[in-house]
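FYI, in the numbering used here the residues of the sequence shown are 28 to 144. From the three backbone atoms N, C-alpha and C, an ideal C-beta is built for every residue, glycine too.
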Amino acid sequence: MPDDYIELKRKAQIGSEALKRVNGPAYKIGSAANLLYESAGGSDDWAKGVGQIKYVYTVELRPSDDMNDAHAHFAFMLPSTFIEPVGQETYVGVKEFLRSLITSRRQKSSSKNIYES
């Protein structure tokens, strides 16, 4: 796990909670290797390790309206009826995630200003 795994997970939880508020399904949070499968050399590994990008995530499409229904898993062939709801969820989730980053940055900046005075 990366050194900042706890922070990555905390920020992902913010996005996941926002996704759930839109249409109801809950997205799982965790490392791609633990939730999906281990694979080396993916773009997420490169972005985090070589690209030194702080916040790197793998987001999978939700399987169905019922995230607990093992028989309703469509893999990467999500029916077209899911395009709009998944788009809505993803937009709101990413927006809230970014909002949390901006808020954190502002809080760090204002606390630095207090001590620099």
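How should glycine 114 be labelled, buried or exposed, when 16 other C-beta atoms within 10 angstroms of its C-beta is the threshold for buried? To locate residue 114, count along the sequence shown from 1; it is residue 87. Around the beta carbon of glycine 114, a 10 Å sphere encloses fewer than 16 other beta carbons of the protein chains shown; the residue is thus reported as exposed.
Around the C-beta of glutamine 34, are 16 or more other C-beta atoms found within 10 angstroms, so that it is buried, or is it exposed? For the purposes of this step, residue 34 is identified with residue 7 of the sequence shown, where counting begins at 1. The sequence shown places glutamate at residue 34, rather than the glutamine named in the question. With fewer than 16 other Cβ atoms inside 10 Å of its own Cβ, glutamate 34 counts as exposed.
Taking C-alpha atoms, which residue in Tyr82, Lys135 and Glu116 lies nearest to lysine 38? Taking the sequence shown and counting its residues from 1, the one referred to as residue 38 is at position 11. Looking at the Cα atoms, Tyr82 is the closest of the given residues.
Three-state class that DSSP yields for leucine 46 in the structure shown: The sequence position of residue 46 within the sequence shown is 19, counting from 1. In the three-state reduction of the DSSP assignment, leucine 46 falls in the helix class.
Within 10 Å of its beta-carbon, does leucine 63 have 16 or more other beta-carbons around it, so buried, or fewer, so exposed? As a position in the sequence shown, residue 63 is number 36, starting the count at 1. Exposed: under 16 other Cβ atoms inside 10 Å.
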